[in-house]
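Q:
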Amino acid sequence: MDIGGFLQTIISGGPAMWILLILSVVAIAIVIERLLFFSSQHSDSKGLLRALGQKIAANDLAGAIKVCQQNKGMLPKILEFGLKRGEKNRADITDALSIALMEHLNALERNLGIIGTIAVISPFVGLFGTVLGIIRAFQDIALKGNSTPAVVAAGVSEALITTAAGLFVAVVSVIFFNYFKSRIKSYNQEMIVAANQLAEMLHFHNTGAPIPTELYQPTPTPAR
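All the letters of the sequence shown, read from the start, carry residue numbers 2 to 225 under my numbering.
1) Going by C-alpha distance, which of G167, P77 and N189 is nearest N107?
2) Pick helix, strand or coil for I20, following the three-state DSSP scheme.
3) Rounded to whole angstroms, what's the CA-CA distance from L37 to A97? Just pull it up for me.
4) Alpha carbon to alpha carbon, how far is S25 from F82? Give it in angstroms, no decimals.
5) By DSSP, does H204 sit in helix, in strand, or in coil?
6) With DSSP run on the structure shown, which of helix, strand or coil describes P219?
7) Considering only the alpha carbon of each residue, which of N207, G209 and A200 lies closest to I94?
8) I'd like the span of the alpha helix (DSSP H) that includes I66, first residue to last.
9) So, for M18: in the same chain, excluding its five sequence neighbours on each side, which residues have a beta-carbon less than 7 angstroms away from its beta-carbon?
10) Is L113 near I185, with beta carbons less than 9 angstroms apart?
11) Using only the alpha-carbon positions, how far apart do I31 and G209 sit?
12) Using three-state DSSP, classify G15 as helix, strand or coil.
13) Could you tell me whether the Cβ atoms of I115 and V27 are closer together than 9 angstroms?
14) To the nearest whole angstrom, what separates the beta carbons of I79 and L62, a pair I think is in contact under 8 angstroms?
15) Taking the runs of the alpha helix (DSSP H) that are 4 residues or longer, which of them lie wholly in the segment 100-148?
16) Short check: CB of G117 to CB of S187, under 9 angstroms?
17) Quick one: give me the first and last residue of the alpha helix (DSSP H) that A58 is part of.
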């Protein structure tokens, strides 16, 4: 469909179609923003924890903080928040990490409610357009004094276009809403696990005990 045909479809859909067009533009903008946001997050939490474990085991908390600062995304910032309190007891470290997690949770869900709202209201906007189209069809019948297909075609077309458009916008919005919800749940769980593992590493470091798991232990130096 060319631009002229698209504009004609919008115009023939009536005022409800313009509302749906605005809603779809808003939804697309949020989807693009969320996709860019998630693509900017740290994707290798195990590798990050391994690097931090090597620094902590070497009693280099400043170096561990620097590792976090060199990585992008929310997870390194959260772990950095905990590392800056690395000399405290485990309960205090865990509380600090929990606060950092809650502060960043809003960033994960930013604008997601708008997509959910668009998914809910779009079918009703389409239904509103359908009602307007049917009203128009009956008005045309009253003015013309007959009910031939040519008389009611414009009103019925308006009704069908807005119904289809409303359902399309709603379906696409629901798909992305559920996709982002799934991403948020997965990423949030990953951050919680990483935060708990960091608290465990710092606890062993502060008590003078060796870090117990191979994941956190420094890479052994090859014998010469």
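All residues carry an ideal CB built from backbone N, CA and C; glycine is no exception.
A: Let me spell this out:
1) N189
2) helix
3) L37 and A97 have their alpha carbons spaced roughly 28 angstroms apart.
4) 39 angstroms
5) helix
6) A caution first: P219 carries a pLDDT of 49, below 50, which makes its placement in the model unreliable, though a value can still be read off. For P219, the secondary structure class from DSSP, reduced to helix, strand or coil, is coil.
7) Considering only N207, G209 and A200, the residue with the shortest C-alpha distance to I94 is A200.
8) It spans L62 to Q70 - the alpha helix (DSSP H) in which I66 sits, taken as one unbroken run.
9) Within the same chain, I11, G130, I162, T163 and A166 come within 7 angstroms of M18 by CB-CB distance, once the 5 residues on both sides are set aside.
10) Yes, these two residues count as a Cβ contact at 9 angstroms.
11) 48 angstroms
12) coil
13) Their beta carbons are under 9 angstroms apart, which means I115 touches V27 by this criterion.
14) With 8 angstroms as the limit, I79 and L62 do not qualify as a contact, their Cβ atoms being about 16 angstroms apart.
15) 113-145
16) no
17) S46 to A58
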